[in-house]
Structures are given as C-alpha cells and as structure tokens.
Amino acid sequence: MSSERIAVLIPGRIHPRVRARLAERFELLEIDSAEAAEALSEETRARVRGAAVSGKFPATLMEALPDLQVIASFGVGYDGVDVKAAAARGITVTNTPDVLNDEVADTTIALLLNTLRRFPAAETYLRAGRWAEEGPFPLSSMSLKGRRVGIHGLGRIGLEIAERLVPFKVDISYHTRRPRGEVSFTYHESLVELARAVDTLISIVPSTPETKGSINAEVLWALGPEGVLINVGRGSTVDQPALIRALQDGTIAAAGLDVYADEPQVPEELILLDNVSLLPHVASASEPTRNAMADLVVDNVIAWFETGKALTPVPETAALS
Ligand code: NAP
Ligand code: 8YV
C-alpha cells in the first residue's frame, strides 16, 4: 500500500499495540512528549503526515508539523487535543467511541456499589485479619435499594449506565443540554434541578468549557445529606475543593471517583476520608477494551491514508473527513 513510507509521530506514551501496529505500515517517529518537537530536525518534522496520541496534543505541536493531516487520539474524551486549532489548520482528529461503552458502564456500577456498600473497606478489613479478631465488618449505612439516580450526560456511555441500572429497580432520571427523545427516563432541564430531584448523581459528561466546575457547591447542596456523587467523566467537571468540603461536613454522604482535577495527583484530604471510594482512572482499563481502543486508533490512521476518510472523526473536524 502507498502508506508504507508515510511518517507518523507518537508524542509521549501510548498503548504498545498502537506502536506495534503502526510500525508495521508506517515510518514511526517518537518523541518524549508533545513539548519535545525540537528533538526532530525541521526536515523530519516536515515529513510527518499523521500522529497518534494518548493525552496532550497542543497547537504548538501542530504548528511544528506543517504537513500534518490526521491526529488519532486514544480515548473517547479528547480534551487533551486542541481540536479548535486542528480544525482551523484542516487537521482531522479522531477518537475511540463505543468500543469502551460496556467496560466503562460496568465499572460505574461497580464504583457505585463500592461507594454505597463499602466493599473495598470490607475486603481490607478481612485481609487485615480483623474479621476473625474483632467480628463482622460494620453494616453499611447506605444501600442501592430505593435510590433515585440522576445521570449527568446520557450519551453513549450514560445510556449504557442507565440501562444497567434498570434491573436494580432504582428510579432513573437525567440531564443533558437537549432531551434524548427515545428514552423513558425523566428529563431535568438543569443540573441543579436534577441534583434536587435525586439522591445519587452519576456524572459522565466530557470536559468542555461549559462542564468545567459544573458540579459545584450549589449542586452538592441540592444533592443533600443522603447524596452520593459518582464521577467517571472528567475531574475538571467537579469543583474538587467544594466536593472535599461537602464530604467533610456532611453536605453529601459519599462519593465514588475514577477521575480527578489534576491526575495523577489525588488530594490527601480525599485519601483520608472514609466516605469515598477512589479508583485511579481505570474505567476502561481491561486488556480487551484497551486493545479495541488501540485498534481503533490505528484503523483510523490507516483509513485516512487509504481512503481519505477517518472512521471516527470527532464532530469538530468531521466536515474535513
Ligand atoms: P457522548 O456520547 O458524547 O455523551 C456525552 C453526553 O454528555 C451527552 O449526553 C451530552 O448531551 C452530554 N453533555 C455534553 N455537554 C453537556 C453539558 N454542558 N451539560 C449537560 N450535558 C452535557 O460521550 P461518551 O462516549 O458517553 O463519553 C462521555 C465522556 O466520558 C467522555 O468525553 C470522557 O471524558 C468520559 N470518559 C471517561 C472514562 C474513564 O476512564 N473514566 C472512559 C470513557 C469516557 P447533550 O449534547 O445533549 O448535552
Ligand atoms: C482512557 C478515557 O483511560 O476514553 C476516555 O476518555 O478517559 C479512558 O478510556 C484514557 O483516555 C486513556 O488514557
């Protein structure tokens, strides 16, 4: 195929399957990070026509690669890529939607149950020998039974989460900017209205200027003292200091988090709380799902150079494909 000598850049770390599969067909160039473009000569940078990235791809790197046509981003969320700059330069950006929906939805249910029923703490108790020495682990004060669950973001993953919750016989409602016509779940026009109506808020929205800090003190207050927040979307959508205060002073009861404001940093105040369940951004992190994501990254690059069309371009650059 004609793509054999096309130069594709990987800035920073990426899933090994992306590197291995790209190396079979393309000239692979690697730099330590998106800020290290000067490690390549001007002549080499001028040859780069594709890129695959997990994380940051700033406008400065696009400027350093004058012939760049496509950036294939690993993950469904692509907030690390400056898509506005890419669209302005005519560069197509792709992401990895759908292939991770089931894994992320499954993890969300697990995190919800862990938060309510404190299973990780119960296991730690057993492993420390305390069951035999001190007797049964304390009863959990919370249960999933009878909860009113609100989903913030009923997109590809949010819908999978909602459908998994149906057999748990909980009441389900949601907030998005526009109601999803085809579902029977109750729609709320604002996030704060949703929070007021439920006692369990699951957030699975992208990181955008609009969602930044949207789960704030007012929303947490509306969720109330029985309230539980589960965040599997992005850490930026939560006002993290406000959440820590709300967990410390009983404004809400508990939180289950997979994502944080400044990953991989997790504030000590959160780690010290026993009414939180914390995961290190692992919602999609099984080998089969990460392999499927890696394949979609590579298949997008191949499709672009073979057909001039990407498989899963992000909406902001879809018109270029
Ligand atoms: P999606 O299909 O695009 O769904 C996004 C949902 O959010 C839509 O329902 C959208 O509805 C809603 N939304 C967007 N902006 C909103 C706003 N300002 N206010 C209220 N609702 C808003 O995306 P997805 O595939 O489900 O993924 C969602 C996000 O989950 C990703 O972008 C990523 O950040 C995160 N994620 C995290 C992990 C993890 O490992 N923890 C894994 C996968 C994904 P409207 O457009 O109608 O508002
Ligand atoms: C990945 C994610 O962990 O798809 C996403 O948006 O947050 C996760 O599936 C991440 O993108 C890979 O670093």
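Quick note on numbering: our numbering labels position 55 of the sequence shown as 51, and the sequence is numbered without any gaps.
Glycine residues also receive a C-beta, built at the ideal position from the N, C-alpha and C atoms.
Could you check which residue in the options has the C-alpha nearest to that of residue i?
{"i": "Lys139", "options": "Thr103, Ala249 and Glu39", "result": "Strictly speaking, residue 139 in this sequence is Ser, with Lys absent from that position. The shortest C-alpha separation from Ser139 is found at Ala249."}
{"i": "Asn91", "options": "Val77, Ala218 and Arg1", "result": "Val77"}
{"i": "Ala55", "options": "Gln244, Thr207 and Gly86", "result": "Gly86"}
{"i": "Ile153", "options": "Ile198, Val166 and Glu119", "result": "Ile198"}
{"i": "Ile318", "options": "Asp94, Ala117, Ala158 and Arg45", "result": "The structure shown does not extend to residue 318, since the chain is modelled only from -3 to 317, so the question has no answer here."}
{"i": "Asp295", "options": "Ile67, Asn212 and Ala30", "result": "Ile67"}
{"i": "Leu275", "options": "Thr111, Arg21, Ala32 and Ala35", "result": "Thr111"}
{"i": "Val194", "options": "Gly8, Ser203 and Arg144", "result": "Arg144"}
{"i": "Glu39", "options": "Arg17, Pro62 and Phe53", "result": "Pro62"}
{"i": "Ala42", "options": "Ser273, Val179 and Val4", "result": "Val4"}
{"i": "Pro163", "options": "Asp75, Ile105, Ala218 and Glu189", "result": "Ile105"}
{"i": "Ala33", "options": "Glu130, Lys52, Arg286 and Arg21", "result": "Lys52"}
{"i": "Leu107", "options": "Ser169, Leu161 and Ser37", "result": "Leu161"}
{"i": "Leu321", "options": "Glu206, Ala191 and Thr204", "result": "Residue 321 lies beyond the residue range present for the chain, which begins at -3 and ends at 317; the question has no answer from this structure."}
{"i": "Glu185", "options": "Gln261, Thr120 and Ser169", "result": "Ser169"}
Near residue i, what residues of its chain come up, given a Cβ to Cβ distance below 8 Å and the 5 sequence neighbours on each side ignored?
{"i": "Leu109", "result": "Phe115 and Leu140"}
{"i": "Ala257", "result": "Gly231, Ser232, Val234 and Gln236"}
{"i": "Arg113", "result": "Ser136, Met138, Ser139 and Leu140"}
{"i": "Ala35", "result": "Ile27 and Asp28"}
{"i": "Gln244", "result": "Glu265 and Leu269"}
{"i": "Val272", "result": "Thr111, Leu243, Ala250, Ala251, Gly252, Leu253 and Leu266"}
{"i": "Ser(-1)", "result": "Low per-residue confidence applies at Ser(-1): pLDDT is 43, beneath 50, and the placement is therefore not dependable, though the value from the model is reported in the following sentence. For Ser(-1), where only same-chain residues beyond five positions count, the Cβ hits under 8 Å are Arg21, Phe22, Ile298, Phe301 and Glu302."}
Can we count residue i as close to the ligand NAP, meaning its CB is less than 8 Å from some heavy atom?
{"i": "Ser50", "result": "no"}
{"i": "Pro202", "result": "yes"}
{"i": "Val262", "result": "no"}
{"i": "Pro281", "result": "According to the sequence as given, residue 281 is Ala; it is not Pro. Checking every heavy atom of the ligand NAP against the Cβ of Ala281, one is found closer than 8 Å."}
{"i": "Asp235", "result": "no"}
Determine the extent of the alpha helix (DSSP H) in which residue i is found, giving its start and end residues.
{"i": "Arg9", "result": "Taken as a continuous stretch (DSSP letters only), Arg9 belongs to no alpha helix (DSSP H), as it is neither H nor E."}
{"i": "Val215", "result": "Ala213 to Leu219"}
{"i": "Asp295", "result": "Glu283 to Thr303"}
{"i": "Gly231", "result": "It is not in any alpha helix (DSSP H) - Gly231 carries neither H nor E in the DSSP assignment."}
{"i": "Leu24", "result": "Segment Glu23 to Ile27 is the beta strand (DSSP E) holding Leu24; no alpha helix (DSSP H) there."}
{"i": "Ile248", "result": "Neither: Ile248 is in no alpha helix (DSSP H) and is coded neither H nor E."}
Just to confirm, does residue i get its C-beta within under 8 Å of one of the non-hydrogen atoms of the ligand 8YV?
{"i": "Thr247", "result": "no"}
{"i": "Met289", "result": "yes"}
{"i": "Gly8", "result": "no"}
{"i": "Phe70", "result": "yes"}
{"i": "Leu96", "result": "yes"}
{"i": "Thr196", "result": "no"}
{"i": "Thr318", "result": "Outside the displayed span of the chain (-3 to 317) sits residue 318, for which this structure offers no information."}
{"i": "Gly73", "result": "yes"}
{"i": "His277", "result": "yes"}
{"i": "Val145", "result": "no"}
{"i": "Val89", "result": "no"}
{"i": "Val293", "result": "no"}
I'd like the list of long-range same chain contacts for residue i, defined as Cβ closer than 7 Å, with 5 residues on each side in sequence excluded.
{"i": "Glu26", "result": "Ile6"}
{"i": "Pro93", "result": "Val72, Arg152 and Thr308"}
{"i": "Leu64", "result": "Val44, Arg45, Ala47, Met58 and Ile87"}
{"i": "Val79", "result": "Val89, Val310, Glu312 and Thr313"}
{"i": "Arg1", "result": "Glu23"}
{"i": "Ile240", "result": "Pro263, Glu265 and Leu266"}
{"i": "Glu222", "result": "Asp195 and Ala249"}
{"i": "Asn212", "result": "Asp235 and Ala238"}
Suppose the cutoff is 6 Å on Cβ atoms and the five residues either side in sequence are ignored; what does the same chain contact list for residue i look like?
{"i": "Glu156", "result": "Asn97 and Ala101"}
{"i": "Tyr183", "result": "Pro175"}
{"i": "Arg17", "result": "Val294"}
{"i": "Met(-3)", "result": "Residue placement at Met(-3) is flagged as unreliable, the pLDDT there being 45, under the threshold of 50; the coordinate-derived value follows with that caveat. Excluding residues within five positions, none has a Cβ falling inside 6 Å."}
{"i": "Ser317", "result": "Thr88, Lys305, Ala306 and Pro309"}
{"i": "Arg9", "result": "none"}
{"i": "Pro202", "result": "Gly73"}
{"i": "Gly209", "result": "Asp235"}
{"i": "Thr103", "result": "Ala279"}
{"i": "Thr172", "result": "Leu150"}
{"i": "Leu253", "result": "Asn227 and Leu274"}
{"i": "Leu216", "result": "Ala242, Thr247 and Ile248"}
{"i": "Ala60", "result": "Ala33 and Arg41"}
The beta strand (DSSP E) spanning residue i covers which residue range?
{"i": "Asn227", "result": "Val224 to Asn227"}
{"i": "Tyr170", "result": "Asp167 to His171"}
{"i": "Thr90", "result": "Thr88 to Thr90"}
{"i": "Thr196", "result": "Thr196 to Ser199"}
CB of residue i to nearest heavy atom of the ligand PLP: below 8 Å?
{"i": "Val79", "result": "In terms of ligand content, the structure shown lacks the ligand PLP and carries the ligand NAP and the ligand 8YV instead."}
The segment 83 to 103 / the segment 275 to 284 touching (three or more Cβ pairs under 8 Å) | yes
Does the segment 302 to 309 come within contact of the segment 121 to 132, defined as at least 3 CB pairs closer than 8 Å?
-> no
Does the count of Cβ pairs from the segment -2 to 13 and the segment 285 to 292 closer than 8 Å reach three?
-> yes
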